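Working notes, structure below.
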Amino acid sequence: MTTVDIASARPRLRPGRWLTGIVLALVVLRIAWFLVDNPRFEWSVVGEYLFDPNVLKGLGMSLLLTVLGMTLGSLLGVVLAAGQLSDFAPVRWASTGYVGLFRGIPPLVQLIFWYNLAYLAPTIAGWDTNDLITPLTAAIIGLSLHEAAYMAEIVRAGILAVDPGQRDAAKAMGFGAAQTFTRVVLPQAMRVIIPPTGSQFISLLKGTSLVSVIAMADLLHSVQVIYNVTYKVVPMLLVACVWYLVVVTVLSLGQQRLERHFGQGHQL
Amino acid sequence: MKPVLQAVRVRKRFGDHQALDGVDLSVEEGEVVVVIGPSGSGKSTLVRCLHQLTPIDGGAMYLDGELLGHAVHRGHLRPLSEAAITKQRRRMGMVFQQFHLFPHWTVLRNLTEAPVRVHGVAPAAARDRALALLERVGLGERANAYPRQLSGGQQQRVAIARALATDPRIMFFDEPTSALDPELVDEVLAVMRDLARSGMTMVVVTHEMAFAREVADRCVFMDRGRIVETGPPAQIFGAPRSPRLRAFLSRFTGPSEVPLDA
Ligand SMILES: Nc1ncnc2c1ncn2[C@@H]1O[C@H](COP(=O)(O)OP(=O)(O)O)[C@@H](O)[C@H]1O
Ligand SMILES: [Mg+2]
Chain A
77 MTTVDIASAR PRLRPGRWLT GIVLALVVLR IAWFLVDNPR FEWSVVGEYL FDPNVLKGLG
137 MSLLLTVLGM TLGSLLGVVL AAGQLSDFAP VRWASTGYVG LFRGIPPLVQ LIFWYNLAYL
197 APTIAGWDTN DLITPLTAAI IGLSLHEAAY MAEIVRAGIL AVDPGQRDAA KAMGFGAAQT
257 FTRVVLPQAM RVIIPPTGSQ FISLLKGTSL VSVIAMADLL HSVQVIYNVT YKVVPMLLVA
317 CVWYLVVVTV LSLGQQRLER HFGQGHQL
Chain B
127 MKPVLQAVRV RKRFGDHQAL DGVDLSVEEG EVVVVIGPSG SGKSTLVRCL HQLTPIDGGA
187 MYLDGELLGH AVHRGHLRPL SEAAITKQRR RMGMVFQQFH LFPHWTVLRN LTEAPVRVHG
247 VAPAAARDRA LALLERVGLG ERANAYPRQL SGGQQQRVAI ARALATDPRI MFFDEPTSAL
307 DPELVDEVLA VMRDLARSGM TMVVVTHEMA FAREVADRCV FMDRGRIVET GPPAQIFGAP
367 RSPRLRAFLS RFTGPSEVPL DA
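Here the protein sequences line up with chains A and B, keeping their order.
Heads up: the first sequence begins at 77 in our numbering, then just goes up one per residue.
Heads up: the second sequence begins at 127 in our numbering, then just goes up one per residue.
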């Protein structure tokens, strides 16, 4: 019998993969050529306006609203998630009711509602509502409250994914309820919480464009203002797209780092 | 002598199942009590109740003479706050069947976190103590590993060291070797044997009958939520009185070895 050693085998022939690779390369080349060759994209205009002060101001506003909305929304979301899992029924009902309500109402309607709050409540605790509710505060409140409802569901799923034995062990080691939650349960829940939170962050970034209805100048609004004057619609929209893509890319890198951090001890 | 732990007519119900049906148990200082009994007889429920991980429905439990879980407040007996119960729990240690080490922390941090955050021990002192404990359970070199990088037997030894790190008055073990591959059981039992010899007060639920015979000061046989028989291991294994205990033991040793005439 001849001696066979599969270590000397050649790679398997995979013609299907070659074909797929070639087709994909052709599609990418065609799209790239479309972008470069078509004069209507007006790439020179894109370059001219990319760092336009008004565009940068709009970008800054979009980032500010995203970061604030995400931070406040996440904090409130964690509280709501804990509330939904509380063993005290009224707290559970209130949290679940909040999530149901604020997930169900379109964010656009929420923004308009907060912006026009003075119509329903002219004063709040003795303060003139119109002094409290500026376009900025209305945008922050609206986006945060909306975001909190989504984050509550994400955090709740993350908490439920943690082995209940971990809670037992934390209690057994003498950790109180708060320490058990913040030191043992939440850090482990983060592995499940982070990926969908990254998607939330991105959709909130794009969702900030809604605030233009209450006279806030976000990134998309700022390019609209420009093309309403210059009629350079396509290149100005490309300016906005470039910035959205830059921010999203940076964010994805940050997300990868966070995932690695909270994955510590779980790799095996 | 005053018992470290005392349970009086402890009752616990899950739905319409009476998991503990009036359990009396008293554990002296330095005593090793081994709890045996068939699956579902309430052994886990008993240690979880004693450790106040599960609230009881009736009866009373005392740690060093102090009533656990309740106190008289404004003339009436009322449940303690969760914070007050946590404080009582800090004087007891628990080792679980499934280890339940904290996977996001290194072995060392598993041992230091509770002493530092809960008992206010200085980090350097907690670290020294943790390393000494790891040395004692034979894992001095694995301080910086994560739990998932260890074998089951090693994880359980870390879990024992973790429970010891807070200097408990009494330690509970709920089937500490039942989740282990057979060849890893002995290393864990060796650590527990060493602990028992050092004078630790222990309540051990186990199916390791040889270990029970050798290490127990007293054996307790549970069935259907009750303590059916209790006594020194020589009596429990050598001269079991109740038919249920005899039937239970026959599953381990084979019927021929159990005297039927006792
Ligand atoms: N959290 C729980 N909810 C409902 N039933 C439970 C719970 N824990 C234990 N039981 C029931 O109580 C009985 C005793 O369980 P357990 O104490 O785990 O027995 P053992 O540890 O002796 O095998 C079993 O019938 C079990 O199904
Ligand atoms: Mg059990």
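Glycine included, every Cβ here is placed at the ideal spot set by N, Cα and C.
Bear in mind that the values here come from a model prediction, so they are computed numbers and not experimental data.
Distance between beta carbons of B/Leu227 and B/Pro273, contact taken as under 8 Å:
4 Å
Compare the C-beta of A/Pro263 against all C-beta atoms of chain B and say whether one is closer than 9 Å.
yes
Quickly, what does DSSP pair B/Cys175 with across the bridge? List them, please.
Answer is none; B/Cys175 lacks a bridge partner.
CB of B/Gln224 to nearest heavy atom of ligand 4: below 8 Å?
With respect to small molecules bound, the structure shown includes ligand 1 and ligand 2 and not ligand 4.
Which of helix, strand or coil DSSP assigns to B/Ser152:
strand
For B/Tyr188, the nearest candidate out of B/Gly168, B/Gly246, B/Gly201, B/Ile296 (CA to CA):
B/Ile296
Since A/Val122 and A/Val315 should fall inside the 8 Å C-beta cutoff, what is the C-beta to C-beta distance between them, to a whole number of angstroms?
6 Å
Closer than 5 Å is what we want: which residues have a beta carbon that near any heavy atom of ligand 1? List them in chain order.
B/Phe140, B/Ala145, B/Ser165, B/Gly166, B/Ser167, B/Gly168, B/Lys169, B/Ser170, B/Thr171
Going along the chain, which unbroken runs of the alpha helix (DSSP H) with 4 or more residues stay wholly within the segment 247-329 of chain A?
262-283, 295-306
Would you report the Cα separation of B/Glu383 and B/Arg350, rounded to the nearest angstrom?
Reliability of the predicted coordinates at B/Glu383 is poor, the pLDDT of 49 falling under 50, and the value obtained from them is presented with this limitation in mind. Cα to Cα, the separation comes out at about 25 Å.
Among B/Pro366, B/Val161, B/Val233, B/Asp142, which one has its Cα closest to the Cα of B/Val330?
B/Val161
Is B/Val159 near ligand 2, with its Cβ less than 8 Å from a heavy atom?
no
If I follow the unbroken alpha helix (DSSP H) through A/Thr172, where does it start and stop?
165-180
Does any CB atom of chain B fall closer than 9 Å to the CB of A/Gly341?
yes
Based on DSSP bridge pairs, tell me the residues matched to B/Gln144.
B/Arg139
Nearest to A/Val185 (by Cα), restricted to the options A/Asn130, A/Ile290, A/Leu321:
A/Ile290
When you check each C-beta in the segment 243-256 of chain A against every C-beta of chain B, which residues fall closer than 8 Å?
Asp244, Ala245, Ala246, Lys247, Ala248, Met249, Gly250, Phe251, Gly252, Ala253, Gln255
Mind listing which residues of the segment 231-242 of chain A have their C-beta closer than 7 Å to chain B's C-betas, in chain order?
Gly241, Gln242
Is B/Met326 close to chain A, meaning its C-beta is less than 9 Å from at least one C-beta of that chain?
no
Tell me, which residues are paired with B/Ala197 by DSSP?
B/Arg204
Quick one: what's got a C-beta closer than 6 Å to B/Asp387's C-beta in the same chain, skipping five residues either side?
No answer about B/Asp387 holds up, because its pLDDT of 45 lies below 50 and its placement is not dependable.
Using beta carbons (cut-off 9 Å, strictly below), is A/Glu335 in contact with chain B?
no
If I follow the unbroken alpha helix (DSSP H) through B/Ala365, where does it start and stop?
Per DSSP, B/Ala365 belongs to no alpha helix (DSSP H) and is neither H nor E.
Going by DSSP, name the residue or residues bridged to A/Trp203.
A/Ile200
Given 8 Å as the limit, tell me if A/Asp347 has its C-beta closer than that to any heavy atom belonging to ligand 2.
Limits of chain A in this structure are 77 at one end and 344 at the other, which puts residue 347 of chain A out of reach.
Please compile the residues from chain A whose C-beta is within a distance smaller than 9 Å of the C-beta of B/Val244.
Met249, Gly250, Phe251, Gly252, Gln255
Compute the Euclidean distance between the alpha carbons of A/Asp73 and A/Asp294, then round it to the nearest angstrom.
Residue 73 of chain A lies beyond the residue range present for chain A, which begins at 77 and ends at 344; the question has no answer from this structure.
B/Val331: CB within 8 Å of a non-hydrogen atom of ligand 2:
yes
Which residue's Cα is closest to the Cα of A/Leu280: A/Val323, A/Asp239, A/Gln242, A/Ala254?
A/Val323
For a test of the three-state rule: what should DSSP assign to B/Asp300, helix, strand or coil?
strand
With DSSP as the reference, please indicate the residues paired to B/Phe347 in a beta bridge.
B/Ile162, B/Glu355
Report yes if the C-beta of B/Glu119 is less than 8 Å from at least one heavy atom of ligand 2; otherwise report no.
Not covered by the structure: residue 119 of chain B. The range shown for chain B is 127 to 388.
Backbone CA spacing between B/Arg253 and B/Ala271 [nearest angstrom]
15 Å
Cβ of A/Ile168 within 9 Å of any chain B Cβ:
According to the sequence as given, residue 168 of chain A is Arg; it is not Ile. No, no contact with chain B.
Relative to the C-alpha of A/Leu177, which candidate in A/Arg267, A/Lys282, A/Tyr303, A/Leu156 has its C-alpha closest?
A/Leu156
Environment of B/Ala133 [buried if 16+ CB atoms lie within 10 Å]
buried
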